[in-house]
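Heads up: the sequence shown begins at 191 in this note's numbering, then just goes up one per residue.
Even glycine gets a Cβ: it sits at the ideal position worked out from N, Cα and C.
The structure presented is a predicted model; accordingly, all values stated were derived computationally and were not measured.
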Amino acid sequence: MIQQEKVVPTTTGHTWDDDLQELNNPLPTWWIWGFYVTFIFTILYWLFFPAWPIGGSFTKGVPGWNDVTYTATTVDGKQVQKTTHWNMRSKFMQDMNERGAEQKVWFDKVAAMSYEDVSADADLMQFVNSAGKTLFSDNCAPCHQAGGQGKIGFAPNLTDDYWQYGGTYELIHTTIAGGRRGYMPPFKEVLTEAQIKQLANYVLSLSDEPHDAEAAKVGDTLFHSETAACFYCHGAEGNGRIELGSANLTDKIWLWVNVADEKKPELKLSAVEKVITGGLNHGVMQPWEHRLQPEQIKLLTVYVHDSLGGGK
Ligand code: HEC
Ligand code: HEC
């Protein structure tokens, strides 16, 4: 008899661990369910969230299902409500707005209170210090340096007790809101080189720097004369006038001539001569009233006055 069909045994017939045989390897139940769940999740995700690219655009999810609403500021400073499909930027804006609302409570307090009351309120000062630090590093540190210590020939130190434009809360506020621009005319047309040298010696004598005493004596007379008229702006004592922001020449603090750090007396002298000859017109701080909110300027005023340590 010819065998028509050969039955090929598919397994050896062995069984291990109750149900384990060759060719019988079902996936674990938990794995299967995990698969179904992720599968369903994917479909839902496509429906709800931006997912598939199409040409230059993408599917944005069923309209209205994933809307994010946030407050945005337009170019001309208006606050508008914007609603858009879910995306990282709108989520970020929403977070920022929430944080801004928390901050606003504190800013409102600063705005409503007097400088002195803000300064005396320990909790509020904690906020002033942290918000002030951020505002200062974002806007002021590029010129006044990270700690407000300033840089010779660039921007003044805000941590010392010397104030070119006055160190009261009100005057610091005026400085920040309205900006400042110091101007000293050049004297090369008005004075001879010899007179400029005499004046420079007098200026050095005011801060006990090495100088030629005889020349300084003539310089003294010139300083108070109508010709040079230095005293008009720098005061009869040479200690400056805050209305003009003219430098105090007696306090050993220098902004434009690096007298203090210059080691050689002749270099100190020539640096002062250079300023008298050419004048000064590059001490410019732009006004901030159009770039910062009033309460931010007020907070910065307290920060500069109290926290940078130079308030007086
Ligand atoms: C572009 C550089 C620059 C930036 C940015 C800048 N300042 Fe000034 N700031 C100056 C200069 C320069 C002066 C001195 C002006 C002068 O000599 O007439 C000055 C002066 C001041 C003074 C007066 C100091 C005194 O002794 O009276 C204060 C206070 C001040 N700045 C605070 C700030 C604050 C707060 C900010 C940030 C909101 C800021 N500045 C941003 C350059 C800058
Ligand atoms: C019209 C007013 C004016 C007159 C006049 C004037 N100065 Fe000044 N001077 C200033 C101002 C304002 C500054 C500070 C400029 C700034 O910070 O941007 C200054 C700065 C200086 C400085 C630099 C100080 C520093 O910290 O680096 C010296 C030095 C100086 N003046 C000397 C003189 C002498 C000497 C005369 C007389 C020949 C004179 N000035 C006349 C207004 C004047």
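Can you name the start and end residues of the alpha helix (DSSP H) that residue i belongs to?
i	result
H334	331-334
V492	484-492
V270	No alpha helix (DSSP H) holds V270; the beta strand (DSSP E) holding it covers 269-274.
A262	A262 -> not in any alpha helix (DSSP H); beta strand (DSSP E) instead, spanning 258-263.
L389	383-396
Only counting the same chain, and skipping five residues up and downstream in sequence, which positions put a Cβ closer than 6 Å to that of residue i?
i	result
S436	C423, H424, G430
R371	V474
V408	Q388
L459	A390
Just verifying my parser: in three-state terms, what is the DSSP assignment at residue i?
i	result
I222	helix
H204	coil
I466	helix
M303	coil
F239	coil
G473	strand
T349	coil
N215	coil
R431	coil
L210	strand
I443	coil
F297	helix
Among the residues of its own chain, which have a CB less than 8 Å from the CB of residue i, if the five just before and after it don't count?
i	result
T440	L396, S397, E427, G428, N429
M468	Just to set this straight, residue 468 is Gly in the shown sequence, not Met. Excluding residues within five positions, the ones whose Cβ falls inside 8 Å are P376, K378.
T202	E212
A418	F377, V380, L381, Q385, L389, L412
L237	G251, V252, W255
In chain order, what residues of the same chain lie with their CB nearer than 7 Å to the CB of residue i, ignoring the 5 residues before and after it?
i	result
Q339	N347, T349
Q269	T261, T263
F239	G251, N256, W276
N471	Y373
D311	none
Hey, would you say residue i sits closer than 7 Å to residue j, going by beta carbons?
i	j	result
W276	I366	no
G368	Y493	no
L389	L412	yes
P455	P375	no
L325	Q486	yes
I432	Y352	no
S247	D496	no
Would you mind giving the Cβ-Cβ distance between residue i and residue j, rounded to the nearest angstrom? I have them listed as a contact below 8 Å.
i	j	result
V265	K281	In fact, because the Cβ distance is near 23 Å, the residues do not count as touching under 8 Å.
H363	A345	No, H363 and A345 are not in contact; Cβ-Cβ is about 18 Å, not under 8 Å.
I342	N438	Contact flag wrong, Cβ pair sits at about 15 Å.
T491	Y359	6 Å
Along the beta strand (DSSP E) that carries residue i, what are the first and last residues, could you check?
i	result
G372	370-374
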